[in-house]
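Trainee: In case it helps, mature numbering (1 follows the signal peptide of the UniProt record, and there is no 0) puts the sequence shown at residues -26 to -1, 1 to 346.
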Amino acid sequence: MPVTVGVAVAILYFLSIFSFDHGCMASTTPSATERPTRTSAARTSSATGTPTAAVAGRKNPKRGLAFAAELPGDILNVNQTASVISWQYDWANLPPAYLATSNIKYIPMQWGSGSIDRFVDAVRAQGADTILAFNEPDFVNEANMDPTEAARLWMAYIEPLKQYGVRLGGPAVTAAGTGRPWLQQFFAACGECSIDFLPIHWYGVGTSGFYDYLWTIHNEYPRLPVWVTEYADTSDNETEVLSFMNETMRYMDDLEWIERYAWFGLFRPKSGVHYNLLREDGGLNALGELYTGAKTVYTQYIKDTTFEGYKTVDGADIPNQPLVTSWPVYMTASGARPSRWVILGTDTPSLVISLVAISIGSLMSGVYWTVW
Ligand SMILES: *[C@@H]1O[C@H](CO)[C@@H](O)[C@H](O)[C@H]1NC(C)=O
Ligand SMILES: *[C@@H]1O[C@H](CO)[C@@H](O)[C@H](O)[C@H]1NC(C)=O
Ligand SMILES: *[C@@H]1O[C@H](CO)[C@@H](O)[C@H](O)[C@H]1NC(C)=O
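In structure tokens:
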């Protein structure tokens, strides 16, 4: 009997070591404490409110999100009352769960010719009323399609959505020399296509080149409202990028024939790029705050070599990449997941306390043994 009690006491001591050890590990891992959970972030924001918040529920009907972020949690800073973002897309035809439940209208896209026969079903299954089609078909590194073939695919697989009242966005060509000729050939081959609006992309330095391009497109297709579905100032000077964003947003907000725009884009730092909206930890940087009208309520720091830098999700830039549904929750600097329970940690406090506890445990079972 006393032996059992002694053993039980020893076991209790061991358990206390393990718990201590766990707490100790957590506190010596800085990122763990800097990383609010989803629920605590949500609670904080609703409890305290955001001082700089825009008027509740006021969204900018034109301003959208090109979601190229690395982690599902990266949507959380945009999915908040203060954010003025009203729509989003991620170059895919179905929203992953974290975008579908984000309260931001998702616009599906038929990126290229892949799986195009399933597009109508995907659009109808999610009840979408607007779609985007063919991402940079004039560019070999993107959808890379022949304009005549694209017209044929359009009539077979995109046009049928018209009967369900879906608004159809035309092919989004690049602003490079290949873009407008491609579009002309496409329209020539697709006299029957019902295109409701024209998405375009632009990258460059300075507002004047951007405005010239907008007006060139508008003068060529005056009937079609324009969606700028990717654009950014590629200057190395972050002050210039910020003021470019500031000016162009107001310019497009005021321009009647611009229906929507999406800055490229929502992602974390990438080498040589100065137009990302997120910081290394997923929080909003100065561009992100200006663009969304919100402040950071959530960060999730990832330090792992396989996630270093820029990585696209759900087919953005990498069309054949499988749909990502699960992501690493948290990784240590070495890339290993921290174990939940660490038995006899190697740091000095753990070792000292473990030794003391073992001694006391042994001593007590010894005492009981002797007394009995
Ligand atoms: C977005 O916010 C709403 C509350 O405003 C919440 O119900 C929803 O779960 C959030 N979505 C995600 C993906 O966190
Ligand atoms: C960035 O641009 C601003 C405004 O044009 C200018 O004042 C500043 O000197 C530039 N910074 C650098 C590092 O070139
Ligand atoms: C944006 O432009 C407005 C009007 O010119 C100005 O008041 C504001 O400071 C600018 N914001 C940034 C971040 O440049």
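Virtual Cβ for every residue (Gly too), placed ideally from N, Cα, C.
Residue 268 to residue 58, Cα distance in whole Å?
Mentor: Cα to Cα, the separation comes out at about 8 Å.
Trainee: Going by DSSP in three states, residue 128 sits in which element: helix, strand or coil?
Mentor: Helix at residue 128.
Trainee: Could you check what DSSP says for residue 219 in three-state terms: helix, strand or coil?
Mentor: Helix at residue 219.
Trainee: On the three-state DSSP scale, how would you describe residue 136?
Mentor: Helix.
Trainee: For the putative contact between residue 248 and residue 202, defined by C-beta atoms under 8 Å, what is the C-beta separation to the nearest angstrom?
Mentor: The Cβ separation is near 19 Å, so there is no contact.
Trainee: With residue 127 and residue 78 assumed to form a contact (beta carbons below 8 Å), what rounded beta-carbon distance in angstroms separates them?
Mentor: The pair is not a contact, with the Cβ atoms about 29 Å apart (cut-off 8 Å).
Trainee: Enumerate in chain order the residues of its own chain whose CB-to-CB distance from residue 98 is below 7 Å, with the five nearest sequence positions on each side excluded.
Mentor: Once the five neighbours on either side are set aside, the close Cβ partners of residue 98 are 138.
Trainee: Does DSSP put residue 192 in a helix, in a strand, or in coil?
Mentor: Here residue 192 sits in helix by DSSP.
Trainee: Relative to the C-alpha of residue 152, which candidate in 141, 180, 120, 164 has its C-alpha closest?
Mentor: The shortest C-alpha separation from residue 152 is found at 120.
Trainee: My guess is that residue 347 and residue 200 are in contact by the Cβ rule of under 8 Å, so how many angstroms apart are they, rounded?
Mentor: No answer is possible for residue 347: the residues shown for the chain start at -26 and end at 346.
Trainee: Out of 231, 237, 236, 256, point me to the one whose CA is closest to residue 243's CA.
Mentor: Residue 243 has its Cα closest to that of 256, out of 231, 237, 236, 256.
Trainee: Quick one: grab the DSSP three-state call for residue 60.
Mentor: Here residue 60 sits in strand by DSSP.
Trainee: Please state whether DSSP places residue 237 in a helix, a strand or coil.
Mentor: In the structure shown, residue 237 sits in a strand (DSSP, three-state: E or B).
Trainee: To the nearest angstrom, how far is it from the Cα of residue 150 to the Cα of residue 218?
Mentor: Whole-angstrom Cα-Cα distance: 20 Å.
Trainee: Measure the C-alpha to C-alpha separation of residue 93 and residue 131 and round it to an integer number of angstroms.
Mentor: Taking the straight line joining both Cα atoms gives about 7 Å.
Trainee: Can residue 100 and residue 82 be called in contact, C-beta distance under 8 Å?
Mentor: Their beta carbons are under 8 Å apart, which means residue 100 touches residue 82 by this criterion.
Trainee: Name the DSSP beta bridge partners of residue 105, please?
Mentor: In DSSP, residue 105 forms a bridge with 142.
Trainee: Who are the Cβ neighbours of residue 110 in its own chain at under 7 Å, not counting the five residues just before and after it?
Mentor: Counting only Cβ-Cβ distances below 7 Å, and skipping sequence neighbours, we find 116, 117, 146, 147, 148, 175.
Trainee: If you draw a straight line from the C-alpha of residue 178 to the C-alpha of residue 210, how long is it?
Mentor: C-alpha separation (whole angstroms): 11 Å.
Trainee: Under a Cβ-count criterion, where at least 16 other Cβ atoms within 10 Å of its own Cβ denotes burial, should residue 189 be classed as buried or exposed?
Mentor: The residue is exposed, with fewer than 16 neighbouring Cβ atoms inside 10 Å.
Trainee: In this structure, how does DSSP classify residue 297 when only helix, strand and coil are distinguished?
Mentor: Residue placement at residue 297 is flagged as unreliable, the pLDDT there being 32, under the threshold of 50; the coordinate-derived value follows with that caveat. Residue 297 falls in the coil class under three-state DSSP.
Trainee: So, with DSSP's three-state summary, where would you put residue 231?
Mentor: The answer is coil: DSSP assigns residue 231 none of H, G, I, E or B.
Trainee: For the candidate residues 112, 142, 87, whose alpha-carbon lies nearest to that of residue 106?
Mentor: Here the closest residue by C-alpha is 142.
Trainee: Give me, in chain order, the residues of the same chain whose beta-carbon lies closer than 6 Å to that of residue 41; leave out the 5 immediate sequence neighbours on both sides.
Mentor: For residue 41, where only same-chain residues beyond five positions count, the Cβ hits under 6 Å are 62, 64, 240.
Trainee: Which residues, in chain order, sit with a beta-carbon under 5 Å away from any heavy atom of ligand 2?
Mentor: Cβ-based neighbours of ligand 2 within the cut-off: 211, 213, 214.
Trainee: To the nearest angstrom, how far is it from the Cα of residue 54 to the Cα of residue 224?
Mentor: Distance between the alpha carbons of residue 54 and residue 224 is about 22 Å.
Trainee: So is residue 136 buried or exposed if we call it buried at 16+ other beta carbons inside 10 Å?
Mentor: With fewer than 16 other Cβ atoms within 10 Å, it is exposed.
Trainee: According to the Cβ coordinates, are residue 34 and residue 258 closer than 8 Å?
Mentor: No, Cβ-Cβ distance for residue 34 and residue 258 is not below 8 Å.
Trainee: Quick one, are the C-beta atoms of residue 205 and residue 185 less than 8 Å apart?
Mentor: Going by C-beta atoms, residue 205 is not nearer than 8 Å to residue 185.
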